[in-house]
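Chains A and B, in that order, are what the protein sequence lines are.
So for the first sequence, the working numbering puts the first residue at 560; every next one is plus one.
So for the second sequence, the working numbering puts the first residue at 13; every next one is plus one.
Quick reminder that beta carbons are idealized off the backbone N, C-alpha and C, glycines included.
No experiment lies behind these values; they were computed from the predicted model shown.
Read the structure below first, then the notes.
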Amino acid sequence: MEITIDQRAHVTVVAVAGSIDALTADALVLAMGEQMHAGNTRLVAAFDGVEYTSSAGLRVLLATLKEARQRGGDLRLAAVQERVLRVLDLSGFTSILKCYPDVGAAVASFPTHHS
Amino acid sequence: MGRAEDAGGGREPGAGVRRHSLPAAGLADLAAVRAFVAAACDEVGVGTTVGEALVLAADEVCSNIVLHGYGPGTPGPITIEVERAADGARMTIADEGRAFDPADAPAPDLDAPWEQREAGGLGWYIVRRMVDELRYERRSGVNLVTLVKRAP
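Now the structure itself:
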């Protein structure tokens with residue numbers, strides 16, 4: 560699994576590629592934690608490169624979502640592949656997490672400071 | 013050995029049991045577990061729906077065995093078998109860790125608001141949703157989980 564951080568004007572895009580399982584999820588926990596501790600709580604997880612996740616990935620998303628919202632931000636998902644979306648859906652995650660078709664739409668969903 | 017069907021040509025896709033044994037299973041083995049189950053499902057001739065369901069189920073069960081059955085720092089053996097069942101595939105996963113009946117796993121509250129959502133129990137919940145049958149036995153120190161997934 561690979562993680563790439565892209566700081567946009569007011570949103571941090573965390574692009575993930577590969578498979579998320581109980582081994583690789585730790586790296587994602589660390590990456591999300593680093594961003595939040597740096598004050599970046601408006602997060603987009605770009606999932607177009609994620610071909611697979613187990614419940615370990617859901618655990619990370621839930622923990623990140625909770626912490627981001629408690630700090631006044633949010634975690635939003637972009638470009639989730641069909642196979643991963645099915646796991647999110649059957650676990651009830653699509654009702655608590657906002658999903659967008661692409662990164663641009665997810666980034667744009669966060670209001671800018673002076674709009 | 014040296015059976016004619018091992019040559020591959022004309023072999024009936026469902027024949028035989030595919031087995032993958034891990035003497036000291038760790039989280040680093042999960043990728044190989046998924047690859048084995050995917051290949052085995054392909055070999056026994058079930059489609060990708062059955063294959064993907066059993067791949068995810070195997071990952072969840074093995075993750076639980078490594079993290080909770082044996083616990084961190086004390087890896088133990090896991091054996092996975094996949095074979096053709098009536099109209100799908102049967103997978104058995106055996107380990108020698110702590111006894112655990114999946115029926116005792118807490119059911120996640122999928123309708124709770126985000127503040128109250130908890131990650132506990134999601135693994136076994138997903139396993140149940142992936143398969144048509146889930147059986148558990150404890151037999152002379154061995155946990156035996158049997159999963160059956162029928163073709164849709």
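- Counting every other CB atom within 10 Å of its CB across the protein chains shown gives Ala119 (chain B) a total below 16, marking it as exposed.
- Ranked by Cα distance from Glu641 (chain A), the options A:Met560, A:Thr653, A:Ala581, A:Arg635 are led by A:Thr653.
- Between Gly109 (chain B) and Gly88 (chain B), the gap from beta carbon to beta carbon is short of 7 Å.
- Residue burial is scored here from C-beta neighbours: Leu624 (chain A) has at least 16 other C-beta atoms within 10 angstroms and is therefore classed as buried.
- In this structure Ala604 (chain A) touches Ala637 (chain A) by the C-beta definition: roughly 7 Å separates them, less than 8 Å.
- In the structure shown, Arg102 (chain B) adopts extended strand secondary structure according to DSSP, grouped into three states.
- Contact annotation for Ala131 (chain B) against chain A: Ser614, Leu617, Arg618, Leu621, Ala622 [CB-CB distance below 8 Å, chain order].
- Residues of chain B whose Cβ lies closer than 9 Å to the Cβ of Lys625 (chain A) are, in chain order, Trp126, Glu127, Arg129.
- Proximity to Val56 (chain B) across B:Trp126, B:Leu34, B:Arg102, B:Val143 peaks at B:Arg102, based on C-alpha coordinates.
- Taking C-beta separations shorter than 6 Å and ignoring five residues to either side along the sequence, the partners of Tyr659 (chain A) in its chain run Ala637, Ala665, following chain order.
- When the alpha-carbon of Lys161 (chain B) is set against those of B:Ala97, B:Leu42, B:Gly28, B:Arg129, the nearest one is in B:Ala97.
- Leu34 (chain B) does not reach chain A, its nearest Cβ partner there being about 14 Å away, counting only Cβ pairs nearer than 8 Å.
- Between Ser668 (chain A) and chain B, the shortest Cβ-Cβ separation is not below 7 Å.
- Taking a C-beta cut-off of 8 Å against chain B, the contacting residues of the region 560-593 of chain A are Ser578, Asp580, Ala581, Leu582, listed in chain order.
- Of the other Cβ atoms in all chains shown, fewer than 16 fall within 10 Å of the Cβ of Thr671 (chain A); this residue is therefore exposed.
- The CB of Gly135 (chain B) comes closer than 7 Å to the CB of Ser614 in chain A, given here in chain order.
- Only buried fits Leu617 (chain A), as 16 or more other CB atoms lie within 10 angstroms of its CB.
- Taking all protein chains in view, the Cβ of Trp126 (chain B) is surrounded by fewer than 16 other Cβ atoms within 10 Å, so the residue is classified as exposed.
- Of all residues in the region 646-657 of chain A, those with a C-beta nearer than 9 Å to a C-beta of chain B are Val646, Leu649, Ser650, Gly651, Phe652, Ser654, Ile655, Leu656, reading in chain order.
- Using a CB distance cut-off of 7 Å, Ala69 (chain B) does not count as an interface residue toward chain A.
- Nearest to Asp71 (chain B) by C-alpha distance, out of B:Ala115, B:Asp144, B:Leu42, is B:Leu42.
- Per DSSP, Glu130 (chain B) is not a residue of any beta strand (DSSP E), being assigned neither H nor E.
- Taking a 10 Å sphere around the C-beta of Gly663 (chain A), we find fewer than 16 other C-beta atoms and assign the residue as exposed.
- Taking the CA atoms as reference points, Leu156 (chain B) sits about 42 Å from Ile564 (chain A).
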